[in-house]
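Under the UniProt record's numbering, the residue at position 225 of the sequence shown is numbered 225, and the numbers go up by one with no gaps.
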Amino acid sequence: MNALDELVGMLSDPFMQRALIAAVLVGVTAPVMGTYLVQRKLSLLGDGIGHVALTGVALGWLVGGAMGVVPNDALAIPGAVVAAVIGSVIIELVRERGRTSGDVALALMFYGGIAGGVLLIGVAGGSSGNLMQYLFGSISSVSPTDLWLTLFLGVLILAVGMGLRAALFAVSYDEEFSRASGLPVRALNIAIAVIAALTVTVAMRVVGLLLVSALMIVPVAIAQLVTISFRRTMALAMVIGVVVCVVGLSVTYWQTLSPGATIVVLAIALYAVVAILRPVLVRRRPRTSHDPHPDIPDDVHVEGGERCSA
Numbered sequence: 001m002n003a004l005d006e007l008v009g010m011l012s013d014p015f016m017q018r019a020l021i022a023a024v025l026v027g028v029t030a031p032v033m034g035t036y037l038v039q040r041k042l043s044l045l046g047d048g049i050g051h052v053a054l055t056g057v058a059l060g061w062l063v064g065g066a067m068g069v070v071p072n073d074a075l076a077i078p079g080a081v082v083a084a085v086i087g088s089v090i091i092e093l094v095r096e097r098g099r100t101s102g103d104v105a106l107a108l109m110f111y112g113g114i115a116g117g118v119l120l121i122g123v124a125g126g127s128s129g130n131l132m133q134y135l136f137g138s139i140s141s142v143s144p145t146d147l148w149l150t151l152f153l154g155v156l157i158l159a160v161g162m163g164l165r166a167a168l169f170a171v172s173y174d175e176e177f178s179r180a181s182g183l184p185v186r187a188l189n190i191a192i193a194v195i196a197a198l199t200v201t202v203a204m205r206v207v208g209l210l211l212v213s214a215l216m217i218v219p220v221a222i223a224q225l226v227t228i229s230f231r232r233t234m235a236l237a238m239v240i241g242v243v244v245c246v247v248g249l250s251v252t253y254w255q256t257l258s259p260g261a262t263i264v265v266l267a268i269a270l271y272a273v274v275a276i277l278r279p280v281l282v283r284r285r286p287r288t289s290h291d292p293h294p295d296i297p298d299d300v301h302v303e304g305g306e307r308c309s310a
């Protein structure tokens, strides 16, 4: 069998078709919210939300078992969505009020999420082993229902992340300026937190809750090495996300490897290559003039990059 026949066989497999669609959706959506999180210096927020989502998975398992739903984990993803959204809103409110530092609040989410998930799955009659597919991803088990839910959430993430890009960018860059400009800062901050939570649950089946933050952040980090604007950073990060997801998933079709781990390792390897080649790329980049208005949000610097425009 030649390479073309193997490729046709892969694309003809119904399980692989669903997995590829899910991978593309995750590859597009995860870097969108990752771009805002990097700008806000909240790169680890996805990890915190992922741990809370684990409690939601176990809670959905418990409720599904009590209701006699078959299979028991039929409500796992809805439970993860609810828990992740609630957790993300709480962390944003705690951060805003300043009573607890952001890193302490994230630590509480880390520990509480894992502990709550293990405790609830035990109450539901399962074991910690039942959580493994959610911790590390199980894209081959994506059902048609999972795919439709992923599609719905993906469209919602893109609608908010792209449709409100100017406002979300302004809030991510300078909250005080945005507040003085009349933007609803609290509502926009909560919107970022909620959409980040939805992104985590969308990516849960592809890379797993423990690795989801990498897919949100690493493509953005790669894009920032070679771009100088916020819009281009987001666009390139989306392309990179799709490429590493599709390539990583394709590799696991022929090799017995974990899809989530393969995707993340490919992304990190790509980051290393681009970082090594960056001096050459920077020398070829045309020089830009000095920014006379560094505080204006339509002409700012992205964290880790150079001059950036919304």
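For every residue, glycine included, the Cβ atom is placed at its ideal position computed from N, Cα and C.
Just tell me which of the options has its CA closest to the CA of residue i.
| i | options | result |
| --- | --- | --- |
| Leu11 | Ile217, Leu164, Val246 | Val246 |
| Phe169 | Met16, Arg40, Ala22, Pro71 | Arg40 |
| Ile86 | Ile49, Ala124, Val239 | Ile49 |
| Phe136 | Gly34, Asp47, Ile276 | Asp47 |
| Ile90 | Ile121, Leu59, Ala191 | Ala191 |
| Ile139 | Val264, Gly34, Arg18, Ile276 | Arg18 |
| Ala269 | Val244, Leu119, Leu158 | Val244 |
| Val273 | Glu176, Gly163, Leu225, Arg232 | Leu225 |
| Leu209 | Tyr134, Pro78, Ser128 | Tyr134 |
| Val63 | Trp148, Val123, Ala107 | Val123 |
| Met16 | Ala275, Leu45, Gly248, Ala84 | Gly248 |
Following the continuous alpha helix (DSSP H) through residue i, name the residue where it begins and the one where it ends.
| i | result |
| --- | --- |
| Gly60 | 45-67 |
| Gly129 | From DSSP, Gly129 is part of no alpha helix (DSSP H); its letter is neither H nor E. |
| Pro31 | 14-39 |
| Ile228 | Per DSSP, Ile228 belongs to no alpha helix (DSSP H) and is neither H nor E. |
| Ala83 | 76-97 |
| Asp73 | Counting along the chain, Asp73 falls outside any alpha helix (DSSP H), and DSSP gives it neither H nor E. |
| Gly163 | 144-163 |
| Ala124 | Run containing Ala124: none; DSSP gives neither H nor E here. |
| Leu198 | 185-207 |
| Ser178 | 175-180 |
Under 8 Å Cβ to Cβ from residue i, same chain only, skipping five residues before and after it: list those, please.
| i | result |
| --- | --- |
| Thr252 | Ser258, Pro259, Thr262 |
| Pro31 | Leu215, Met216, Pro219, Val220, Ala223, Met234, Ala237, Met238, Ile240, Gly241 |
| Val28 | Gly154, Leu158, Met238, Gly241, Val242 |
| residue 319 | Only positions 1 to 310 of the chain appear in the structure, and residue 319 is not among them; the question remains open. |
| Glu96 | Arg186, Asn189 |
Spatial neighbours of residue i within its chain, please: CB distance less than 7 Å, with the 5 preceding and 5 following residues excluded, ordered by chain position.
| i | result |
| --- | --- |
| Val82 | Gly56 |
| Thr150 | Ala22, Leu25, Val202 |
| Ile114 | His51, Leu54 |
| Arg205 | Ala22, Gly137, Ser138, Ile139, Val142, Asp146 |
| Thr199 | Thr29, Ala30, Met33, Ile157, Met216 |
| Val160 | Ala191, Ile195 |
| Tyr271 | Val218, Ala221, Ile222 |
Distance, Cα to Cα, residue i vs residue j?
| i | j | result |
| --- | --- | --- |
| Ala76 | Arg278 | 42 Å |
| Phe110 | Leu4 | 45 Å |
| Phe230 | Ile222 | 13 Å |
| Thr201 | Ala53 | 7 Å |
| Leu20 | Gly154 | 14 Å |
| Gly280 | Val38 | What sits at residue 280 in the sequence shown is Val, not Gly. Going by the C-alpha atoms only, they are around 24 Å apart. |
| Ile121 | Gly182 | 45 Å |
| Gly9 | His51 | 37 Å |
| Leu131 | Pro71 | 14 Å |
| Asp13 | Leu7 | 10 Å |
| Val69 | Gly79 | 14 Å |
| Arg186 | Met33 | 17 Å |
| Leu211 | Leu106 | 16 Å |
| Gly60 | Ile228 | 43 Å |
| Ala167 | Ala66 | 43 Å |
Should residue i be labelled buried (16 or more other beta-carbon atoms within 10 Å of its own) or exposed?
| i | result |
| --- | --- |
| Met216 | buried |
| Gln255 | exposed |
| Thr35 | buried |
| Val142 | buried |
Please work out which residues of its chain come closer than 6 Å, Cβ to Cβ, to residue i, disregarding the five sequence neighbours upstream and downstream, and give them in chain order.
| i | result |
| --- | --- |
| Glu92 | Asn189, Ile190, Ala193 |
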